[in-house]
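Anchor point for the sequence shown: position 21 equals 26 in the working numbering, and the numbering is continuous, going up by one each time. In this text, a Cβ means the ideal position worked out from N, Cα and C, and glycines have one as well. Everything numeric in this text was worked out from a predicted model, so none of it was measured.
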Amino acid sequence: MSIERQLRTGGDPRALADYAGLREELSKLTHPARPDVDWKKVEQLCLNLFQQNGIELQTASWYTQARTQLIGLTGLNEGLAILEALISRQWPALWPLPVHARMEILTGLSQRLQQSLRTMTLEYRDLPAIYQAEKLITSLCDVLQRLELKHASQFDALGTFMHGAAVRLENMHAATDAAVVMPAAAVQSETQSQNAPREQWVYVAQAEPAEPQVVIAPPPPPLKRVVQWKGFVAGMAITALAGAGLQAGINAFYRPQAAMQLTATLPVLPKPLNPQALETLKSQQADMLNREAPALIAAMQKQVDQLAKLSPRWAQNTGMQLVKQTQILWPENPATEQLAKKWSLQMNASAIPLENLDGWNQANTQLQQLADKLNGLDEQRGKYMTVSQLKSSVFAIQQALNSSPPVEESLRKLAQDKQQNKDVSPQLVMQTDNQFTQLLNRYALLASTPDHAQHQP
């Protein structure tokens with residue numbers, strides 16, 4: 006059973022006790038001792054303010070953060086839907102009125118949401134929720150763009166992050182789905198929220214009451230992917246490939262030399278046979294394999310030698326060169342612009358953010374400063390460092406280290422599982438793959454020459 010209550014656009018909430026309670030609870034995020042934030046309490050205080058005062062930008066932002074922490078992507082989309090309705094329809098009268106204060110709220114929210122999302126391990130079935138979030142963020146960015154505030158809000162960075170997550174999941178669809186990993190509190194809260202009855206809160210924009218309403222409601226059950234057509238689709242794909250191969254052979258006689266020269270720059274990448282195909286080949290073609298062994302092994306050795314000589318960023322460099330080649334040959338073709346934009350977006354979205362490169366250096370610098378300070382105290386009688394000062398310094402160092410755990414830490418965990426004869430976690434493998442991809446993409450962007458460089462954020 007649910008009770009529906011309508012919400013209005015609100016004014017200044019700072020005189021209300023629940024707002025003071027919210028500020029006090031969220032101040033834990035910047036406390037040196039780093040106590041845990043009670044996100045369920047934050048959510049309830051936000052709902053209290055919605056009921057007492059209406060919805061304004063600051064509380065809506067905190068609510069979005071709380072719901073994301075509690076139930077992940079579903080909560081994120083709830084909050085984004087409220088923000089989209091609020092900003093698109095109530096911007097002139099929205100609290101707070103100063104534009105710079107609004108931008109501080111949105112910038113802080115974008116950064117905190119990205120931090121929260123990086124703690125989640127997503128799987129293929131999360132794609133619909135990611136697409137929905139990307140659509141809501143795009144709509145928000147469109148409104149902010151019309152107000153010439155898109156870049157100031159940093160919501161375009163959040164959109165790029167979500168697009169990168171979608172691209173990675175799409176590319177990993179062939180791999181085994183991994184379970185979603187969320188903080189324990191989030192899992193517990195999600196279970197409780199599904200079992201308990203929940204009120205529906207409907208935000209009504211006064212300026213345009215006929216517009217669709219935003220409803221804060223329980224998340225819908227996950228959709229199941231339909232797989233019963235796999236056999237039919239596979240058969241159609243094989244038929245299409247066979248027909249395409251025949252057509253390619255016919256066209257080869259009539260293809261211009263320039264087209265053939267360009268096609269030669271697009272070789273099919275080597276793909277080893279799967280175990281089943283290898284066993285079939287070994288059992289049915291044993292004589293041929295023995296007869297052709299010297300030549301085939303020599304060819305494979307040559308291929309292996311070539312692969313060993315490739316740069317770690319070969320894939321990224323080759324992609325840049327192909328994009329540049331297309332831009333030179335067809336500079337006015339709309340498809341060229343689309344190709345270049347898509348490549349640049351994919352590279353930047355899946356590259357490690359530049360700010361995440363500073364973690365180790367910051368921690369090392371802070372450790373050196375702490376060591377120098379402690380050594381200096383030894384030389385001065387009567388001088389000392391309080392426990393509180395020491396805790397603050399250690400906390401700052403921990404923050405710098407935890408902001409971007411190095412790929413070596415993921416490899417250490419993999420090695421530990423191997424040594425203990427444990428099954429390798431699919432989540433850890435996916436996380437390590439993502440880390441390597443992000444590092445290589447950022448490395449390629451930083452090392453690229455001016456001719457091959459793409460737009461970097």
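By the three-class DSSP mapping on this structure, what secondary structure does residue i have?
i, result
"W100", "coil"
"T126", "strand"
"T391", "coil"
"A222", "Confidence is the limiting factor: at A222 the pLDDT is only 48, short of 50, which leaves the residue's position unreliable, though a coordinate-based value still follows. Correct three-state label for A222: coil."
From the options, pick the residue whose C-alpha is nearest to that of residue i; which is it?
i, options, result
"P410", "P431, L278, I357, K427", "I357"
"L372", "M352, A340, Q432, Q403", "Q403"
"L163", "A298, L152, A138", "A138"
"S393", "T442, P37, G15", "P37"
"L444", "A90, K33, P317", "P317"
"T323", "L31, C146, N446, A106", "N446"
"L451", "L111, Q63, L359, T112", "L359"
"V328", "L315, W319, L344", "L344"
"I142", "E414, R39, D422, S93", "S93"
"E109", "S158, T64, Q57", "S158"
"L395", "L382, R386, N407", "L382"
"S430", "I87, K418, Q440, F441", "K418"
"M177", "N439, R107, N369, A90", "N439"
"G364", "V412, L379, L111, V42", "V412"
"L21", "K423, L174, N53", "N53"
"Y448", "L283, A320, T285", "A320"
"Q56", "K45, D23, L88", "D23"
"N58", "G84, G16, L85", "G16"
"F160", "R173, T124, R107", "R107"
"L75", "V42, A298, Q116, Q63", "V42"
"Q326", "Q120, K140, S453, S398", "S453"
"Y136", "T79, A303, K427", "T79"
"V399", "S408, N380, L375", "L375"
"K140", "S121, Q116, E89", "E89"
"M435", "E175, A405, N366", "E175"
"T64", "Q116, E297, G113, L27", "L27"
"N366", "Q116, L406, S121, R173", "L406"
Using only the alpha-carbon positions, how far apart do residue i and residue j sit?
i, j, result
"R19", "A25", "7 Å"
"Q95", "I60", "10 Å"
"T437", "T126", "11 Å"
"M293", "F166", "51 Å"
"S66", "D310", "54 Å"
"G240", "P280", "In this predicted model, G240 has a pLDDT of only 48, less than 50, meaning its place in the structure is not dependable enough to derive any value."
"L350", "A420", "34 Å"
"M305", "K314", "14 Å"
"E30", "L154", "30 Å"
"L85", "A170", "17 Å"
"L416", "Q308", "28 Å"
"N3", "V104", "With the chain covering only 6 through 462, there is no way to say anything about residue 3."
"A222", "A340", "Only weak support exists for where A222 lies, its pLDDT of 48 falling under 50; the value from the coordinates is given anyway. Distance between the alpha carbons of A222 and A340 is about 42 Å."
"A300", "A291", "15 Å"
"K346", "E414", "34 Å"
"Y389", "N380", "11 Å"
"R13", "A134", "27 Å"
"D377", "T391", "16 Å"
"T370", "E384", "22 Å"
"L433", "Q425", "15 Å"
"T35", "S121", "15 Å"
"Q303", "N338", "Sequence check: residue 303 is Ala here, not Gln. When rounded, the distance between both Cα atoms is 43 Å."
"L312", "S355", "24 Å"
(Q) I'd like the ranges of any alpha helix (DSSP H) spanning at least 4 consecutive residues and lying wholly in the segment 36 to 60. (A) Taking only runs of at least 4 residues, the alpha helix (DSSP H) segments lying wholly in the segment 36 to 60 are 44 to 58.
Q | Validate contact between the segment 126 to 140 and the segment 95 to 105 using beta carbons, cut 8 Å, 3 pairs | A | Too few Cβ pairs lie closer than 8 Å, so no.
_Threshold first: 4 residues or longer. Then list the alpha helix (DSSP H) segments lying entirely within the segment 143 to 184, N to C._
For the alpha helix (DSSP H) assignment, the uninterrupted runs of no fewer than 4 residues enclosed by the segment 143 to 184 are, from N- to C-terminal side, 155 to 158, 160 to 176.
(Q) Measuring CB atoms only, is the segment 71 to 88 touching the segment 47 to 56, in the sense that at least three cross pairs come out at less than 8 Å? (A) The segment 71 to 88 vs the segment 47 to 56: in contact.
### Message
With three or more C-beta pairs closer than 8 Å as the rule, is the segment 145 to 156 touching the segment 331 to 339?
### Response
Output reads no: the segment 145 to 156 does not touch the segment 331 to 339.
At 4 residues or longer, what runs of the alpha helix (DSSP H) sit wholly inside the segment 391 to 457? 392 to 407, 412 to 424, 431 to 452, all fully within the segment 391 to 457.
- Message: At 4 residues or longer, what runs of the alpha helix (DSSP H) sit wholly inside the segment 343 to 392?
- Response: Counting only runs of 4 or more residues that sit fully inside the segment 343 to 392, the alpha helix (DSSP H) segments are 364 to 383, in chain order.
Check your understanding: Considering only residues of the segment 289 to 349, which uninterrupted beta strand (DSSP E) runs meet the minimum length of 3 residues and lie entirely inside it, listed in chain order?
Key -> When DSSP assignments are scanned along the segment 289 to 349, no uninterrupted stretch of beta strand (DSSP E) that is 3 or more residues long falls wholly within it.
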